[in-house]
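Residue numbers (the numbering used here): 1 to 218.
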């Protein structure tokens, strides 16, 4: 049985109807953009695609899982890429896709940076490098350190990640432990110029404002 058929058999009619509509990477990104960001108000989450569809909210890795599930539903590769950063920053995860031999990425983020990538990149590394100048700390440091080898989720049974009711933190940890490649050599890391003030101001743009309770916690 094809992987896409195995996913189809697990889904509810409503889930099938949704994923059927998300037939291209572009449509998947459009859908993710409608979901409010998951601010994890009741604690950390790492939801499966099923749980994310039900919750109608997502943060970056939850969006990547859902995007990968939609790609797999349509017979495409459910492949993720993990970005590792300096210790003071947060990692990011995107779902990769290929169209006409070029790589692109589907991304869920609350900012004007680290977003969707059109399929114009010749290699996964070329795509990963496109995120380097957007990955900034508030003190101007560029924090992207490494990117993972494309991580194919077909190594797992779809019921383990597409429709699981349990946290997928195990999958996030496995992805984090997967083979990664350095973005910048140690010799060149010290040559990196800090971001300018206008770049830092652009980081303040958000799509979804955090709830007041979230602000108080911060």
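Positions of the beta carbon are idealized from the N, C-alpha and C atoms, including for glycine.
| query | result |
| --- | --- |
| Leaving out the 5 sequence neighbours to the left and right, which residues in its chain are closer than 8 Å to residue 135 when beta-carbon positions are compared? | 83, 85, 89, 92, 113, 114, 142, 143 and 144 |
| Just curious, the beta strand (DSSP E) that residue 148 is in, first and last residue? | 144-148 |
| Between the alpha carbons of residue 185 and residue 132, how many angstroms are there, rounded? | 13 Å |
| From what residue to what residue does the beta strand (DSSP E) around residue 119 run? | 117-121 |
| By how many angstroms is the C-alpha of residue 13 removed from the C-alpha of residue 25? | 22 Å |
| Grab the span of the beta strand (DSSP E) containing residue 182 for me, first residue to last. | 180-182 |
| Give a yes or no on contact between the region 196-211 and the region 37-46, applying the rule of three or more CB pairs nearer than 8 Å. | yes |
| Using DSSP with H/G/I as helix, E/B as strand and the rest coil, what is residue 112? | coil |
| Hey, quick one: how far does the alpha helix (DSSP H) through residue 6 stretch, first residue to last? | 3-10 |
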